[in-house]
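See below for the structure under consideration.
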Amino acid sequence: MNMRVRAGLLAGAGLLVLAAPIAMAAGNPESILPPGLDDPAPAPAPAPAPAPAPSPASEPNANATPVVQDTGEGDGGDASGDDGEDSGGSGGGSSSRLPTLEELEALDTDELDELLGLKPKFDIPPAQRRSTSRVGILNEDEGGLPAVSLARQPQALVRAAIAGTQGRLVSRWGHITLRRALASRLAPPAGMSGSEFAGLRAQLLNRMGEFAAARAIAQDVDVDAWNGRLANAAVDAYIATGDVLGACPLAVLRGGYRDDAEWRMLRSICTAYAGEASRARNELVRMRESEDAEFNAIDVLLAQRFAGAAGLGNNTVTIEWDDVDELTPWRYGLAAALGATIPERLLDDAGPYYQRSAATLPSLPLSLRIDGARRAAREGIFSSSALVDLYSQVYAASGSDGPAGADAAQLRTAYIDADPAARVAALRSIWGDGAQIPHDRQVLTAYASARIPASDQFAADAGPLIASMLTAGLDRDAARWSDIVDEGGMAWGMLAVGLPDADGGVSSGAIDSFRDGDDSTGKRRTRMLVAGLAGLGRISSGTRNSWNRELNLELTRETRWSAAISRAGEVENAALVALLMGVGMQGDDWNRMTPRHLYHIISALRQSGLEAEARMIAAEAVSRA
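Count along the sequence shown from 1, then add 514; that gives the number in the numbering used here.
Structure (structure tokens):
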């Protein structure tokens, strides 16, 4: 079947929980750790007492997924940064003393409503409230992973894997695979609340630059059920996507959960859009005139301008950037939503966060969105088709003017010119003359590359064409070049790991030929090729062991992480494999990835049913190492 792959601590004290042994649900607990690293073997668990049969919607099938025996390292609480707030209501304390008249006069509307018990506790009628037994935006029939995948895994293991992944992965396809797992509609691990599980996932999606997905995860949980972790992740996602008013239900129901300057300004904005213009105006004016260093003038001005759209009469507020020396997510999100021009001096020094946010903000100029979209494409946030759509907008708006317009014009030629040679020439123009083609350019040209006929005429371009196609998972299109490329060349190496249903194994002689032509530092491409082939099971054990010794790959060296991900692969738990993959694939570029880690990741993905993703990651490693 034509594969169009779905779009989806190593260290660190937190990963000590990876010592938890993984076992099949129907079998006895079985440790998989090396001798000396294991905990004492747990006694067999007693049979559970009979209990009423749970409803399918609230309780996962315990026999539908492999389990990890609990080691007692987690207690069900939030061990990694939750602020300890309850999951519903603002929880103000009660007092037997009646407030004085002066105190009553000083209370704002929200505080008075709370005092009198008039403040709403939820924004959804009880009959329509949603269960948090399963949270996510991708059902299994929509491409998500099985809902019960993590239901019987130790919460400490799942928490450590999610919280310990900092967000940036070396592999574009690794990012796509992890996003798919985090967005899947999953039941939380035993002992972890649905709100905490959603908050952990939303926070990691934010760190990955997947702000829209993080927002969607938060919106799948009723606001009054949010804990502090999920609330913070939701507010961050709303600001990053320019959807500032999306946080207003939280501001109404849980107004007291924070008291920092940005939160107070956000509450005033929401007050304005709730029809209390005078109150919002007065609050913002007081903040602007305050001598409290917590309130920065530019932040309050942006809030006044945004609130002005609700009828405050402050639309003429002038935004002055002269004294501003840095961007913050708040400033960037509000300025972008308002269409305010941000000085280039601030944008030049801005970090990757702002480029990732810019990629999907329609209020920004296309020139700024293009820069962000290129990063988003490199990292896996943007698909090839999404990037092509954006360049199409550039061409429609300005033709071939400017660098982005010139690329858009060349991309148009690569699609529509009747002469294949002219289309290849246009692709070369987009790729540039450098020794290494920028990865976002390969993503941009994936579908145009698939339109080039496999012919000896273009054999010299087979490598970049195949690399480009595989960025979008177009493996069947790439397979047409199998008879054109020479064995042992770069193009051959990508096909050797990237094609489905590979016929036969790869010989040691073919790998040797690849090494002879490998000009990468330390033969990194050859090392990644061997690791990928071994993980996919496409070389014999003898060939693997021989090259393992020859290149000093250490494929057989085991750690707690490698033991955990290998066992998760053996029991075909794709969701747990994906989370552990994120732990072992962190970094800014492929120089941070070792062949040993790649081998364990590819092997576990293949065994767990994610072979397509495993093949694309292996091909990416050969291409980009």
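C-beta atoms are modelled at their ideal positions from N, C-alpha and C, and glycine is treated no differently.
> Which residue's Cα is closest to the Cα of ARG965: ARG955, LEU979 and ASP954?
Replying inline: On the sequence shown, residue 965 is found 451 positions in, with the first residue counted as 1. With distances taken between Cα atoms, ARG965 lies closest to LEU979.
> If you run the structure through DSSP and keep just helix, strand and coil, what is SER709?
Replying inline: Here residue 709 corresponds to residue number 195 of the sequence shown, with the count starting at 1. When secondary structure is reduced to three states using DSSP, SER709 falls in the helix class.
>> My output table needs one value for SER969: the three-state DSSP class, helix, strand or coil.
In response: Locating residue 969 in the sequence shown gives position 455, counting from the first residue. Three-state DSSP puts SER969 in coil, outside helix and strand.
>> Quick check on this structure: which residue in ALA716, PRO876 and ARG1138 has the alpha carbon closest to the alpha carbon of MET1008?
In response: Taking the first residue of the sequence shown as 1, we reach residue 1008 at position 494. Residue ARG1138 is the option with its Cα nearest to MET1008.
>> Assess contact between the segment 895-906 and the segment 855-865, defined as three or more Cβ pairs (one per stretch) separated by less than 8 angstroms. Is contact present?
In response: no
>> Let me make sure I understand the geometry here. Which of ARG686, ALA821, MET1099 and ARG795 has the alpha-carbon closest to that of HIS1114?
In response: Numbered from 1 along the sequence shown, position 600 holds the residue referred to as residue 1114. Of the listed residues, the one whose Cα sits closest to HIS1114 is MET1099.
> How close, in whole Å, do the beta carbons of ALA940 and GLN924 come, if the pair is a contact with beta carbons under 8 angstroms?
Replying inline: Along the sequence shown, one-based indexing puts residue 940 at 426. Along the sequence shown, one-based indexing puts residue 924 at 410. With 8 angstroms as the limit, ALA940 and GLN924 qualify as a contact, their Cβ atoms being about 5 angstroms apart.
> So which of LEU1119, GLN971 and GLY913 has the shortest CA-CA distance to ILE998?
Replying inline: Within the sequence shown, residue 998 is the residue found at index 484, counting from 1. Among LEU1119, GLN971 and GLY913, the Cα nearest to that of ILE998 is on GLN971.
>> Three Cβ pairs or more, each shorter than 8 angstroms: is that satisfied between the segment 1041-1052 and the segment 1083-1093?
In response: no
> In its own chain, which residues sit with a C-beta less than 6 angstroms from the C-beta of LEU692, not counting the 5 before and 5 after it?
Replying inline: Taking the first residue of the sequence shown as 1, we reach residue 692 at position 178. Contacts found: ALA1092 and GLY1096.
> Going by C-alpha distance, which of ASP991, ARG1041, ASP736 and ALA670 is nearest ARG644?
Replying inline: Indexing the sequence shown from 1 puts residue 644 at position 130. Among ASP991, ARG1041, ASP736 and ALA670, the Cα nearest to that of ARG644 belongs to ASP736.
> Among ASP1026, ASP773, ALA890 and ILE856, which has the Cα closest to the Cα of GLU1064?
Replying inline: Position 550 of the sequence shown, counting from 1, holds the residue named residue 1064. Of the listed residues, the one whose Cα sits closest to GLU1064 is ASP1026.
>> Is the beta carbon of VAL649 closer than 8 angstroms to that of PHE1160?
In response: Any property of residue 1160 remains undetermined from this structure, which presents the chain solely from 515 to 1139.
>> Less than 6 angstroms between C-beta atoms, sequence neighbours within five positions excluded: which residues of the same chain meet that for MET779?
In response: For the purposes of this step, residue 779 is taken as residue 265 along the sequence shown, with counting starting at 1. The answer, listed in chain order, is ALA817.
> Is it right to say LEU815 is buried, meaning 16 or more other beta carbons lie within 10 angstroms of its own, or is it exposed?
Replying inline: To locate residue 815, count along the sequence shown from 1; it is residue 301. By the 10 Å Cβ count, LEU815 comes out buried.
> So GLY1046 packs on VAL1020, CB below 8 angstroms; how close in whole Å?
Replying inline: Counted from its first residue, the sequence shown places residue 1046 at position 532. Counted from its first residue, the sequence shown places residue 1020 at position 506. Not a contact, Cβ separation roughly 10 angstroms.
> Taking the alpha-carbon positions, what's the ARG937 to PRO917 distance?
Replying inline: As a working note, residue 937 is residue 423 in the sequence shown. As a working note, residue 917 is residue 403 in the sequence shown. ARG937 and PRO917: Cα-Cα distance of roughly 19 angstroms.
> Mapping DSSP to helix, strand and coil, what is PRO570?
Replying inline: On the sequence shown, position 56 is the one that residue 570 refers to. Annotation note: pLDDT 36 at PRO570 (below 50); position unreliable, no value reported.
> How would you write the range of the alpha helix (DSSP H) that MET983 sits in, first residue to last?
Replying inline: Translated into positions along the sequence shown, residue 983 becomes position 469. Start and end: 976-985.
> Any beta-carbon of chain B closer than 8 angstroms to the one on ALA675?
Replying inline: Protein chains in the displayed structure number just one, and chain B is not present.
> Quick one, are the C-beta atoms of ILE731 and ARG715 less than 8 angstroms apart?
Replying inline: Numbered from its first residue, the sequence shown carries residue 731 at position 217. Numbered from its first residue, the sequence shown carries residue 715 at position 201. Their beta carbons are under 8 angstroms apart, which means ILE731 touches ARG715 by this criterion.
>> Suppose only complete runs of 4+ residues qualify. What are the alpha helix (DSSP H) ranges in the segment 874-905, listed by chain order?
In response: 880-893
> Measuring CB to CB, does SER685 end up less than 8 angstroms from ILE1131?
Replying inline: Here residue 685 refers to the residue found at position 171 of the sequence shown. Here residue 1131 refers to the residue found at position 617 of the sequence shown. In this structure, ILE1131 lies closer than 8 angstroms to SER685 by Cβ.
> How many whole angstroms separate the CB atoms of GLY1031 and GLY1002, which I take to be in contact at a CB cut-off of 8 angstroms?
Replying inline: Position 517 of the sequence shown, counted from the start, is the residue given in the question as residue 1031. Position 488 of the sequence shown, counted from the start, is the residue given in the question as residue 1002. Yes, they are in contact, since the Cβ atoms of GLY1031 and GLY1002 sit about 6 angstroms apart, within 8 angstroms.
>> Quick check on the DSSP output: the alpha helix (DSSP H) that includes GLY1018 runs from which residue to which?
In response: By 1-based counting over the sequence shown, the position of residue 1018 is 504. First-last for GLY1018: undefined, no H or E at that position.
>> I'd like the span of the alpha helix (DSSP H) that includes LEU744, first residue to last.
In response: Working through the sequence shown from its first residue, we reach residue 744 at position 230. LEU744 -> alpha helix (DSSP H) spans 742-754.
> Applying the criterion that 16 or more other CB atoms from any shown protein chain within 10 Å of the CB defines a buried residue, is ILE930 buried or exposed?
Replying inline: Translated into the one-based positions of the sequence shown, residue 930 becomes position 416. Looking at its Cβ environment, which holds fewer than 16 other Cβ atoms inside 10 Å, ILE930 is exposed.
> Helix, strand or coil: how does DSSP classify SER996 here?
Replying inline: Position 482 of the sequence shown, counted from the start, is the residue given in the question as residue 996. Coil, per DSSP.
>> Spatial neighbours of MET706 within its chain, please: C-beta separation below 6 angstroms, excluding the five flanking residues on both sides.
In response: Your numbering for residue 706 matches position 192 in the sequence shown. Around MET706: GLN669.
> Can you list, in chain order, the stretches of the alpha helix (DSSP H) that have 4 or more residues and sit fully within the segment 1032-1064?
Replying inline: 1038-1049
> Closest to GLU776 by CA distance: which of TYR846, ASP836 and GLY822 is it?
Replying inline: Here residue 776 corresponds to residue number 262 of the sequence shown, with the count starting at 1. Taking GLU776 as reference, the option from TYR846, ASP836 and GLY822 with the minimal CA-CA separation is TYR846.
> How would you label ARG1129, buried or exposed, when you count the other beta carbons within 10 angstroms and need 16 or more for buried?
Replying inline: Numbered from its first residue, the sequence shown carries residue 1129 at position 615. Buried, because 16 or more other Cβ atoms sit within 10 Å of the Cβ of ARG1129.
> So who's on the other strand from SER963, going by DSSP bridges?
Replying inline: Within the sequence shown, residue 963 is the residue found at index 449, counting from 1. For SER963, which the question treats as bridged, DSSP gives no partner whatsoever.
> What is the DSSP secondary structure of GLN680, counted as helix, strand or coil?
Replying inline: Taking the first residue of the sequence shown as 1, we reach residue 680 at position 166. Correct three-state label for GLN680: coil.
> Is the segment 1062-1081 close to the segment 653-668, with three or more CB pairs under 8 angstroms?
Replying inline: Flag = no, the segment 1062-1081 and the segment 653-668 do not touch.
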